[in-house]
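Peer 1: Going by my numbering, the sequence shown opens with residue 1327, and the numbers climb by one from there.
We treat Cβ as the ideally placed atom computed from N, Cα and C, and that holds for glycine.
What you are looking at is a predicted structure, and each value in this text was computed from that prediction instead of being measured.
Below is a structure I'd like to ask you about.
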Amino acid sequence: MLEKMTPPVLQRVIQSTFLVLCLHTGWQFHRFVLWATGASEVFVPRPASVEAFLPIAALMGLRRLLQTGVWDMVHPAALAILLAAMVTALVLRKGFCGYVCPVGLISGLLNTLGRRLSLSRVPGPWAARLLSVPKYLALGFFVYTVFIGMDLAAIEEFAAGPYNYVADARMLRFFQSPSRTTLVALAALLVLGTVLRSFWCRYLCPYGALLGLLSWASPTSVHRDPATCVQCGRCTRACPGCIRVQDMERVLSPECLGCMRCQ
1327 MLEKMTPPVL QRVIQSTFLV LCLHTGWQFH RFVLWATGAS EVFVPRPASV
1377 EAFLPIAALM GLRRLLQTGV WDMVHPAALA ILLAAMVTAL VLRKGFCGYV
1427 CPVGLISGLL NTLGRRLSLS RVPGPWAARL LSVPKYLALG FFVYTVFIGM
1477 DLAAIEEFAA GPYNYVADAR MLRFFQSPSR TTLVALAALL VLGTVLRSFW
1527 CRYLCPYGAL LGLLSWASPT SVHRDPATCV QCGRCTRACP GCIRVQDMER
1577 VLSPECLGCM RCQ
C-alpha cells in the first residue's frame, strides 16, 4: 500500500479529505442557518471552518490586528485560517493551494479531463504572464482598499455592521441560489479550466497570488540535479503550474505548489 502512495496519489488523498470536510462544513452550516432562521427546531452548532470562505473579512481582520493588536471576534476563524495559509506559504510554499484548497482538486480533475479529451493547452511564457495579470490586479485592489483606502474607523464600522455579521449566511445563499450570470460564469470557468491547465488557480485567484508572493521567502523548494537530468521533459509535463522544471536547478516560481509531481 505504501509503495503505491506516490506524491500525486498522496496529494489527491489529502485534497479529497479536505473536500469532504468542506462539504460537511457546508451541510452543517446549512442546518445551523435553518435553526437560526426558525425553519428548523434542531440546533446545530455553527461550524467555525465556514469562515475559510470569507477572505475579505479575514483581510480586514488582519489590518485591524496589525494596527490595534485586537483579534477580530466577529469572524475569528477567518483571520486564523488566513494567517495559517500565509505561514504555510512562508514555510512550505503554496502547500495550501496544492493540498488544502478544494478548488485545487477541481482544477486538477479538469486538467485530467482536458488531457484525456486532447483539449488541454499550455500558453507560452509571455501569454502566461499576460494571463496572470488579473489575479495580481485583484490582489492589489483588495490590499489597497483594506490597508490604504480604508482608515481604522471604516474598518471598525464595517466589522460591527450587520452585513459583516451575516456575511457567511449571504455566502451560503449565493451558493444555494446562484443567479443566471453566476451559472454562466461558473460554466465558463469549467470550460476554460478544461482547456487551459489550472486556469482559475494560475490566472484569476488573488488568494493564490498572495501565497505565491509569500512563497518566494520559503526556504523549501524543488531542486533539479543537472548531473542526472536527461532533459526528457517529464517533470515539466507533470507540473500543474506549467513550470519548465527541466530548465531550472531550483524552482522559485510563485506557481510552484510543492506537490512533488515533478519527481
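Counting pairs of Cβ atoms below 8 Å between the stretch 1510-1524 and the stretch 1391-1406, do you hit three or more?
Peer 2: no
Peer 1: In angstroms, rounded to a whole number, what distance separates the CA positions of V1492 and L1391?
Peer 2: Translated into the one-based positions of the sequence shown, residue 1492 becomes position 166. Translated into the one-based positions of the sequence shown, residue 1391 becomes position 65. If you take the alpha carbons of V1492 and L1391, they lie about 21 Å apart.
Peer 1: Does DSSP put H1401 in a helix, in a strand, or in coil?
Peer 2: Start at 1 with the first residue of the sequence shown, and residue 1401 comes out as number 75. In the structure shown, H1401 adopts coil according to DSSP, grouped into three states.
Peer 1: From this set, E1575, L1540 and T1546, which residue's C-alpha is nearest T1554's C-alpha?
Peer 2: Residue numbering aside, residue 1554 sits at position 228 when the sequence shown is read from its first letter. The option with the nearest alpha carbon to T1554 is E1575.
Peer 1: Report the three-state DSSP secondary structure of V1577 (helix, strand or coil).
Peer 2: In the sequence shown, residue 1577 corresponds to position 251, counting from 1. Of the three classes helix, strand and coil, the one that applies to V1577 here is strand, per DSSP.
Peer 1: Leaving out five residues before and five after A1374 in sequence, what residues of the same chain have Cβ atoms less than 6 Å from its Cβ?
Peer 2: One-based indexing of the sequence shown puts residue 1374 at position 48. Same-chain partners within the cutoff: A1403.
Peer 1: Please work out which residues of its chain come closer than 6 Å, Cβ to Cβ, to L1436, disregarding the five sequence neighbours upstream and downstream, and give them in chain order.
Peer 2: Start at 1 with the first residue of the sequence shown, and residue 1436 comes out as number 110. Correct list, in chain order: G1519 and T1520.
Peer 1: Going straight from the alpha carbon of A1495 to that of E1483, what length do you get?
Peer 2: Against the sequence shown, residue 1495 aligns to sequence position 169. Against the sequence shown, residue 1483 aligns to sequence position 157. About 19 Å.
Peer 1: Once DSSP output is grouped into helix, strand and coil, what is the label at L1380?
Peer 2: Numbered from 1 along the sequence shown, position 54 holds the residue referred to as residue 1380. If DSSP states are grouped into helix, strand and coil, L1380 belongs with coil.
Peer 1: Report yes if the CB atom of L1439 is closer than 8 Å to the CB atom of P1449, and no otherwise.
Peer 2: In the sequence shown, counting from the first residue as 1, residue 1439 sits at position 113. In the sequence shown, counting from the first residue as 1, residue 1449 sits at position 123. It is not a contact, given that the beta carbons lie outside the stated cut-off.
Peer 1: Among C1588, W1361, L1388 and P1334, whose alpha-carbon lies nearest the alpha-carbon of A1485?
Peer 2: Taking the sequence shown and counting its residues from 1, the one referred to as residue 1485 is at position 159. The shortest Cα separation from A1485 among C1588, W1361, L1388 and P1334 belongs to L1388.
Peer 1: Would you check if the stretch 1422-1435 and the stretch 1502-1510 touch, i.e. whether three or more CB-CB distances between them fall below 8 Å?
Peer 2: Three or more beta-carbon pairs separated by less than 8 Å are not found between the stretch 1502-1510 and the stretch 1422-1435, which leaves the two stretches without contact.
Peer 1: Mind reading off the beta-carbon distance from L1539 to R1419? Whole number of angstroms is fine, and I expect it under 8 Å.
Peer 2: By 1-based counting over the sequence shown, the position of residue 1539 is 213. By 1-based counting over the sequence shown, the position of residue 1419 is 93. About 11 Å; that fails the 8 Å criterion.
Peer 1: Suppose the cutoff is 6 Å on Cβ atoms and the five residues either side in sequence are ignored; what does the same chain contact list for G1534 look like?
Peer 2: Position 208 of the sequence shown, counted from the start, is the residue given in the question as residue 1534. Excluding positions up to five away in sequence, the list reads C1423 and C1527.
Peer 1: For the 8 Å Cβ check, are there 3 or more pairs between the stretch 1364-1379 and the stretch 1342-1351?
Peer 2: yes
Peer 1: Using the Cα positions of L1336 and A1406, report the straight-line distance between them to the nearest angstrom.
Peer 2: Numbered from its first residue, the sequence shown carries residue 1336 at position 10. Numbered from its first residue, the sequence shown carries residue 1406 at position 80. Within the model, the alpha-carbon separation for L1336 versus A1406 is close to 26 Å.
Peer 1: Report all residues from its chain with a CB closer than 8 Å to the CB of C1585; omit the five preceding and five following residues, and keep chain order.
Peer 2: By one-based count along the sequence shown, residue 1585 stands at place 259. Taken in chain order, the residues that qualify are P1333, P1334, Q1337, G1424, Y1425 and P1566.
Peer 1: Sort out for me which residues DSSP pairs V1469 with in a bridge.
Peer 2: For this step, residue 1469 is matched to residue 143 along the sequence shown. V1469 is not bridged to any residue.
Peer 1: Under a three-way DSSP split, which group does R1447 fall into?
Peer 2: Start at 1 with the first residue of the sequence shown, and residue 1447 comes out as number 121. R1447 sits in a strand when the DSSP states are folded into three classes.
Peer 1: Leaving out five residues on either side along the sequence, give the residues of the same chain with a beta carbon under 8 Å from the beta carbon of T1546.
Peer 2: Residue mapping note: residue 1546 aligns to position 220 of the sequence shown, counting from 1. Here the set comprises V1417, L1418, R1419 and G1584.
Peer 1: Assuming C1568 contacts C1588 (C-beta within less than 8 Å), just tell me the rounded distance between them.
Peer 2: Numbered from its first residue, the sequence shown carries residue 1568 at position 242. Numbered from its first residue, the sequence shown carries residue 1588 at position 262. That pair is no contact at about 11 Å.
Peer 1: With a threshold of 16 other CB atoms inside 10 Å of the CB of M1327, please say whether the residue is buried or exposed.
Peer 2: The residue labelled residue 1327 in the question sits at position 1 within the sequence shown. Unreliable placement is indicated for M1327, whose pLDDT of 49 sits below 50; the coordinate value is still reported in the next sentence. By the 10 Å Cβ count, M1327 comes out exposed.
Peer 1: Under the rule that 16 or more other beta-carbon atoms within 10 Å means buried, what is R1570, buried or exposed?
Peer 2: To locate residue 1570, count along the sequence shown from 1; it is residue 244. With fewer than 16 other Cβ atoms within 10 Å, it is exposed.
Peer 1: Rounded to whole angstroms, what's the CA-CA distance from A1365 to K1330? Just pull it up for me.
Peer 2: Your numbering for residue 1365 matches position 39 in the sequence shown. Your numbering for residue 1330 matches position 4 in the sequence shown. Looking at the two C-alpha atoms, the distance is approximately 48 Å.
Peer 1: In chain order, what are the residue ranges of uninterrupted beta strand (DSSP E) at least 3 long that sit wholly in the stretch 1469-1497?
Peer 2: none
Peer 1: Would you please state the rounded distance, in angstroms, between the beta carbons of N1490 and A1362? I believe it to be under 8 Å.
Peer 2: Residue numbering aside, residue 1490 sits at position 164 when the sequence shown is read from its first letter. Residue numbering aside, residue 1362 sits at position 36 when the sequence shown is read from its first letter. Rounded, the Cβ-Cβ distance is 16 Å, inconsistent with contact.
Peer 1: Over the uninterrupted alpha helix (DSSP H) stretch that includes C1568, give me the two end residues.
Peer 2: Taking the sequence shown and counting its residues from 1, one reaches residue 1568 at position 242. In the DSSP assignment, C1568 falls outside any alpha helix (DSSP H) and carries neither an H nor an E.
Peer 1: For the alpha helix (DSSP H) that contains T1343, what are its first and last residues?
Peer 2: If you number the sequence shown from 1, residue 1343 lands on position 17. Segment P1333 to A1362, the alpha helix (DSSP H) holding T1343.
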